[in-house]
Amino acid sequence: MSHRPLLSDLRSTFHRVVHDLKSWPVRGHRLVDELECVLSVLLAVAFAHALDVRHVGWAAFSAYMVMRAHVWNSFKRGALRVIGTAAGAALAWYLSGVLPGTWWASSLALLVVVFVTFYLMMVSPRGYAWLFMGLTFAMVIVDGLQHPAEPIEVFAWTRFVEVAAGTAACVIVSALSTLTVRRHVLGQRGFSMEYEWWAKKLTLWHPVAFMHAVQGAVAMALIPLVWWLFGLQALAQASITIAVVMAIPLHTVGDNRTRVKLVHRFVGCVAGVLFATAALLVAGPSPLALTLFVVVAVMAGRHIENGRHGIDYIGTQFVLAVLVVLVPDSYAGAHMEVGFQRVTGVLLGIALLEPVRLLLRLPAPRAEG
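To convert, take the position in the sequence shown, counting from 1, and add 7; that gives the working numbering.
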């Protein structure tokens, strides 16, 4: 296969990112949205530290992803996220008392549960909740596998608290903004930047969704094997990466835009990792310096996400990578090694997923009649 299409996509993507960033910052709706995301993320970090959760970065990313232009949209999205998280955590806690505590049992459980939830994510009207049921299940199972001496209900509870803290922070900021800035300054109730791709009718059978779910489930099921073979840390970040990458609209799966979307995922993740690595080298464990880098990254990523150049997914992946690496679980013990472990987890998720996607190719989409 020629490398020319890939290189052409990379060049085109780079030029579009540069072109979009030239307009940053933009006053008005987009700037308000960026500032809302920043305040939401910072409040989520404060909540998460106060509640002493394990993965503060996950709470921060929940706050970022739930934010919408009107508080009602933010609340609906957040409710689906919390419900899915609670269901996934409860299922992982229940199965932990039934299955043997071996890597292959964990792998089998991930294969089955992630397949079902990822398939329903693609075809159900409440796909966002199914996504987080599968992701939370995976995170709890992986945490339990890596820390067998600790009760798995501890991991299940903290996953729920992380998402609840991030969602609560987002809804608070969104409500305040809706009632003040968006209503009295912008002169309207909100600026709609909708990404509600799960708002669709239930489809019982869809071959493309089936294979897409198989790809995600197989990649996720490989994580326990990697743990057994190599004992790598930060595997929860690998599960997050796999889930976020697979969470795309059904109508975009398997068509001629797949290669471009893959490029965007790769570019966004790598850009975020490079930015976060540079920030760690410059800031070290300084809470203030790390926070300033997070603010810049969130605003830049959201700016790209809200742009009109077809590169929004780059912004999402960029912010995910930065928050995963730069938001420490404890500022008192923040070290570069922790950040680099999380970088490894992000890259491992891509390394597990992409070979699976190449081996288990999707069927060609049927033409709409």
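Where is the CB? At the ideal position from N, CA and C, for every residue including glycine.
Source: prediction; values computed, not measured.
Helix, strand or coil, according to DSSP, for G95 in the structure here? On the sequence shown, residue 95 is found 88 positions in, with the first residue counted as 1. Here G95 sits in helix by DSSP.
Roughly how many whole angstroms lie between the Cα atoms of S131 and A55? The count along the sequence shown starts at 1 and reaches residue 131 at position 124. The count along the sequence shown starts at 1 and reaches residue 55 at position 48. Between S131 and A55, the C-alpha separation is close to 31 Å.
Please identify the residue among W234, L236, R88 and V52 whose C-alpha is closest to the C-alpha of G134. Sequence index remark: in the sequence shown, residue 134 carries index 127 (1-based). G134 has its Cα closest to that of R88, out of W234, L236, R88 and V52.
Pull up the CB-CB distance for Y392 and A220, whole angstroms please, since I reckon it's below 8 Å. Because the chain spans 8 through 376 in this model, residue 392 falls outside it and cannot be assessed.
Enumerate, from N- to C-terminal direction, the unbroken alpha helix (DSSP H) stretches of 4 or more residues contained entirely within the segment 80–135. 110–130
CA-to-CA distance, A70 to D336, given in whole angstroms: Position 329 of the sequence shown, counting from 1, holds the residue named residue 336. Position 63 of the sequence shown, counting from 1, holds the residue named residue 70. Straight-line Cα distance between these residues: approximately 16 Å.
Using a Cβ-Cβ cut-off of 8 Å (strictly less than) and excluding sequence neighbours within five positions of V170, which residues of its own chain qualify? One-based indexing of the sequence shown puts residue 170 at position 163. So the qualifying residues of the chain are W65, A66, S69, R88, V89, T92, F139 and T143.
Cα separation between L232 and W111? As a first step, residue 232 is located in the sequence shown; it is residue number 225 there, counting from the start. As a first step, residue 111 is located in the sequence shown; it is residue number 104 there, counting from the start. Looking at the two C-alpha atoms, the distance is approximately 7 Å.
Quick check on the DSSP output: the alpha helix (DSSP H) that includes H213 runs from which residue to which? For the purposes of this step, residue 213 is taken as the residue at position 206 of the sequence shown. No alpha helix (DSSP H) contains H213, which DSSP labels as neither H nor E.
Could you give the distance in angstroms between the alpha-carbon of S246 and the alpha-carbon of V331? Within the sequence shown, the letter at position 239 stands for residue 246. Within the sequence shown, the letter at position 324 stands for residue 331. Looking at the two C-alpha atoms, the distance is approximately 12 Å.
Less than 9 Å between the C-beta atoms of A96 and W164, yes or no? Here residue 96 refers to the residue found at position 89 when the sequence shown is read from its first residue. Here residue 164 refers to the residue found at position 157 when the sequence shown is read from its first residue. Their beta carbons are under 9 Å apart, which means A96 touches W164 by this criterion.
V180 and S47 closer than 9 Å at C-beta: If you number the sequence shown from 1, residue 180 lands on position 173. If you number the sequence shown from 1, residue 47 lands on position 40. In this structure, S47 lies closer than 9 Å to V180 by Cβ.
Considering only residues of the segment 277–334, which uninterrupted beta strand (DSSP E) runs meet the minimum length of 3 residues and lie entirely inside it, listed in chain order? none
Just the C-alpha distance for R309 and V45, rounded to the nearest angstrom, thanks. In the sequence shown, residue 309 corresponds to position 302, counting from 1. In the sequence shown, residue 45 corresponds to position 38, counting from 1. When rounded, the distance between both Cα atoms is 9 Å.
With the cut-off set at 9 Å, would you say Q153 and Q240 are in Cβ contact? On the sequence shown, position 146 is the one that residue 153 refers to. On the sequence shown, position 233 is the one that residue 240 refers to. Yes; because the gap between Cβ atoms is below 9 Å, this pair is in contact.
Does the separation of the CB atoms of I230 and V353 fall below 9 Å? Counting from 1 along the sequence shown, the entry for residue 230 is found at position 223. Counting from 1 along the sequence shown, the entry for residue 353 is found at position 346. The answer is no: Cβ separation not under 9 Å.
Thinking V121 and G223 are a contact (beta carbons under 8 Å), I'd like their distance in whole angstroms, please. Numbered from its first residue, the sequence shown carries residue 121 at position 114. Numbered from its first residue, the sequence shown carries residue 223 at position 216. V121 to G223, Cβ: 6 Å. Contact.
Apart from the five residues on each side of it in sequence, which residues of its chain come closer than 7 Å, Cβ to Cβ, to V305? One-based indexing of the sequence shown puts residue 305 at position 298. Same-chain partners within the cutoff: C44, V45, V48, Y71 and V326.
Is it buried or exposed, H258, if we count other Cβ atoms within 10 angstroms and call 16 or more buried? Here residue 258 is taken as the residue at index 251 of the sequence shown, counted from 1. Burial call: exposed.
Is A176 closer than 9 Å to A51 when the C-beta atoms are compared? Within the sequence shown, numbered from 1, the residue matching residue 51 stands at position 44. Within the sequence shown, numbered from 1, the residue matching residue 176 stands at position 169. Against a cut-off of 9 Å, the Cβ pair of A176 and A51 comes out as a contact.
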